[in-house]
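Residue numbers (this note's numbering): 7 to 185. First the structure, in the form of structure tokens, and then the observations on it.
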């Protein structure tokens with residue numbers, strides 16, 4: 007009987023360890039994706055001297071009207087025709103990111119390892135950082151968002167280069183990663 011309990015305990019420990027490893031992998035994948043999207047935006051800026059979506063020249067791409075050229079990716083929502091949505095189309099038309107450049111709306115937003123969506127926009131990141139464009143992630147649990155902020159920034163939801171839409175005590179938050 008004691009052997010069965012020991013083996014059962016070892017199996018339970020292995021399952022718990024495995025779940026922790028999976029969660030750690032998902033968090034790392036999320037950050038890798040965010041950094042890749044951020045680099046894609048900066049690559050576009052380097053190539054076209056404008057941010058994707060904000061570029062006032064549409065370069066003749068079907069479905070992309072061009073932005074206002076003010077240096078800010080406007081929007082952050084799932085509506086068609088705003089800079090934040092057209093940024094994805096521009097990044098795909100140039101081949102910087104993979105995906106269907108004709109896709110519009112929420113369907114075009116990449117899916118996170120947690121089942122939410124990545125999106126682009128701008129916001130104030132507070133004193134010392136100021137207004138910045140960001141890569142956003144929606145529908146993260148407060149606990150996951152806080153662990154990412156602790157690991158990659160300062161751990162405080164409304165300071166530094168990673169912000170959250172609400173305190174980490176909330177069930178779900180959006181995370182904003184400054185580009």
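Every residue, glycine too, gets a C-beta built ideally from N, C-alpha and C.
Could you tell me the boundaries of the alpha helix (DSSP H) in which residue i lies?
{"i": "residue 155", "result": "148–158"}
{"i": "residue 104", "result": "From DSSP, residue 104 is part of no alpha helix (DSSP H); its letter is neither H nor E."}
So who's on the other strand from residue i, going by DSSP bridges?
{"i": "residue 169", "result": "182"}
{"i": "residue 137", "result": "130"}
{"i": "residue 117", "result": "123"}
{"i": "residue 143", "result": "124, 181"}
Using 8 angstroms as the threshold, is the C-beta distance between residue i and residue j below it?
{"i": "residue 60", "j": "residue 79", "result": "yes"}
{"i": "residue 135", "j": "residue 184", "result": "yes"}
{"i": "residue 148", "j": "residue 175", "result": "yes"}
{"i": "residue 50", "j": "residue 82", "result": "no"}
{"i": "residue 251", "j": "residue 141", "result": "The structure shown has nothing for residue 251, since the chain only spans 7 to 185."}
{"i": "residue 146", "j": "residue 122", "result": "yes"}
{"i": "residue 102", "j": "residue 46", "result": "yes"}
{"i": "residue 91", "j": "residue 110", "result": "yes"}
{"i": "residue 33", "j": "residue 156", "result": "no"}
{"i": "residue 72", "j": "residue 63", "result": "yes"}
{"i": "residue 75", "j": "residue 56", "result": "yes"}
Please name the residue, chosen from the options, that lies closest to residue i on a Cα-to-Cα basis.
{"i": "residue 2", "options": "113, 143, 42, 51", "result": "Nothing about residue 2 can be reported from this structure: the residues present for the chain run from 7 to 185 only."}
{"i": "residue 100", "options": "132, 173, 53", "result": "53"}
{"i": "residue 88", "options": "27, 127, 63, 103", "result": "127"}
{"i": "residue 58", "options": "130, 32, 139", "result": "139"}
{"i": "residue 131", "options": "56, 75, 162, 74", "result": "162"}
{"i": "residue 152", "options": "94, 29, 173", "result": "173"}
{"i": "residue 31", "options": "150, 44, 165, 177", "result": "150"}
{"i": "residue 114", "options": "94, 48, 43", "result": "94"}
{"i": "residue 43", "options": "177, 26, 105", "result": "105"}
{"i": "residue 133", "options": "169, 177, 35, 165", "result": "165"}
{"i": "residue 129", "options": "169, 29, 48, 112", "result": "169"}
What I want to know is whether the C-beta of residue i ends up closer than 7 angstroms to one or more non-hydrogen atoms of the ligand FAD.
{"i": "residue 55", "result": "The ligand FAD is absent from the structure shown, which contains no ligands of any kind."}
>> Count Cβ pairs between the segment 111–124 and the segment 62–81 that sit closer than 8 angstroms; are there 3 or more?
In response: no
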